[in-house]
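Sequences listed follow chains W and P, in order. Going by my numbering, the first sequence wraps up at 218, each residue one higher than the last. Going by my numbering, the second sequence wraps up at 1218, each residue one higher than the last. Okay, structure first, notes after.
Protein chains: 2
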Amino acid sequence: MERHFDQELAELKEALLRMASLAEQDVAQALKALVQRDGVLAKRVDADDRLLDQLEVEIDDRCIKLLALRQPIAKDLRFIAMGMKISNDLERIGDEAVNIAHRTEELNKEPPLKPLVDIPRMAEIVRGMIRDALDAFVYEKPDVARQVVTRDEDVDKLNRQLHRELTSFMIEDPHTITRALNLMNVAHNLERIGDHATNIAEEIVYLYEARDIRHQKE
Amino acid sequence: MERHFDQELAELKEALLRMASLAEQDVAQALKALVQRDGVLAKRVDADDRLLDQLEVEIDDRCIKLLALRQPIAKDLRFIAMGMKISNDLERIGDEAVNIAHRTEELNKEPPLKPLVDIPRMAEIVRGMIRDALDAFVYEKPDVARQVVTRDEDVDKLNRQLHRELTSFMIEDPHTITRALNLMNVAHNLERIGDHATNIAEEIVYLYEARDIRHQKE
């Protein structure tokens, strides 16, 4: 029985890692589609998201069954409870990637507004946050997760900066309005991906330290 | 012991209901502040949100303890697991209300762009969704929760319609750009509140029917 439960927990961890790498890949592909103006790739992001939706439902089901049948305590219990939260955040990261893909399809209807600099930078940061949160999870390093949380401010700053810059574009030349709005949306989607990566990092701190570090900024 | 556990579950339910009514009140106040251009009320929404943050942390802690000490099964287990999810969605509804309050403070720096019609309508719908999700929870009526899910499409439609209308304003007169952007943000915040109310409704269907109805639209 003991051994079997360990096996089940290992399988849950594996499912979460698969989901995390899919979510990060979705973000990478959505950005590649945006930068390279690749409508086919954008459509693929949309299709791939179904898999994340499925995995979320499967992981929740698995967690509820483990809670019912194994009646875990302490770290095992925190792992299962956080597993449900982490899968939810990963699924939402996938949704944001889909939104970026949709914006890309809109943006492809007009010539490029300007070379993309800050958006790829934001994307690099949030992808790094997802990867590091994942590492913190795999190698049981809450300190790495704590560092992820601090990086969210950089993402928010870039988002605000882009918002100002794109607003100036719009005011100077109304022909840029639809494109600027689509790019603002993309920046906002990336900011939200940063928020979800932050949530995951907080969930990992809770998993390994049994300490709830949410809402401490305010 | 039996009786004591029932008592704990009743307290959890009460905490969730308190949180839900606070979240709905935050949305109502944010909208009132917006429509009446009331900066003082907008600031109060921001302050009130701390309470939702606190309640979320308390409810999670309560749920984890119940899972560890009571080792619930079947409906009790689903109730506790969904309790964690519902409180998370309610906390995020509070965050969206805070965003609306911040937009209101920005909007108050300029004269009104136009009479607000669709935004108050969106707000009415999403507040109704929160209230009905709550009723479904209290009176154990998954059918009411299912109806909440169907209403999300109306909110999305109004959001798209507003987006188009405000884009036209911006194109016709660049002086409206900052105000139109702020109003677009408010509409987007309301759309997200509708999404969270939908999540809560889906969680309530799962609680009472043990059936996961998420991701069935796609």
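All C-beta atoms, glycine included, are put in the ideal place defined by N, C-alpha and C. This one's a predicted model, so the numbers in the text were calculated from it and none came from an experiment.
Can you confirm whether the segment 23-38 of chain W touches the segment 1019-1036 of chain P when touching is taken to mean that 3 or more C-beta pairs between the two stretches lie within less than 8 angstroms?
no
Are the C-beta atoms of residue 170 of chain W and some chain P residue less than 7 angstroms apart?
yes
Within the chosen definition, does the segment 1014-1029 of chain P reach the segment 1130-1140 of chain P through at least 3 CB pairs nearer than 8 angstroms?
yes
Count the other CB atoms within 10 Å of the CB of residue 143 of chain W; is the residue buried (16 or more) or exposed (fewer)?
exposed
Rounded distance between the beta-carbons of residue 1121 of chain P and residue 1182 of chain P, thought under 8 angstroms:
Residue 1182 of chain P to residue 1121 of chain P, Cβ: 18 angstroms. No contact.
Expressed to the nearest angstrom, what Euclidean distance is found between the alpha-carbon atoms of residue 51 of chain W and residue 1013 of chain P?
33 angstroms
Give the residues of chain W in contact with residue 1104 of chain P, contact being defined as C-beta atoms less than 8 angstroms apart.
Within 8 angstroms Cβ-Cβ: nothing; residue 1104 of chain P doesn't reach chain W, min ~17 angstroms.
Under 8 angstroms by beta carbon: chain W residues contacting residue 1214 of chain P:
53, 56 and 57
Residues of the segment 61-86 of chain W with Cβ closer than 9 angstroms to any Cβ of chain P, in chain order:
61, 63, 64, 67, 68, 69, 71, 72, 73, 74, 77, 78, 80, 81, 84 and 85
Assuming contact is defined by CB atoms lying nearer than 7 angstroms, are residue 191 of chain W and residue 148 of chain W in contact in what I supplied?
no
Verify the CB distance criterion: does residue 93 of chain W have a CB-CB separation below 7 angstroms to chain P?
no
Check whether the Cβ of residue 1174 of chain P lies closer than 7 angstroms to any Cβ atom in chain W.
yes
Skipping 5 residues on each side, what residues in its chain have a beta carbon closer than 7 angstroms to that of residue 1076 of chain P?
1009
Indicate whether at least one CB of chain B lies closer than 7 angstroms to the CB of residue 204 of chain W.
The structure shown contains no chain B; the protein chains it does contain are W and P.
For the 8 angstroms Cβ check, are there 3 or more pairs between the segment 1195-1202 of chain P and the segment 1083-1093 of chain P?
yes
In the structure shown, what three-state DSSP assignment does residue 10 of chain W receive?
helix
List the endpoints of the continuous alpha helix (DSSP H) containing residue 54 of chain W.
39-70
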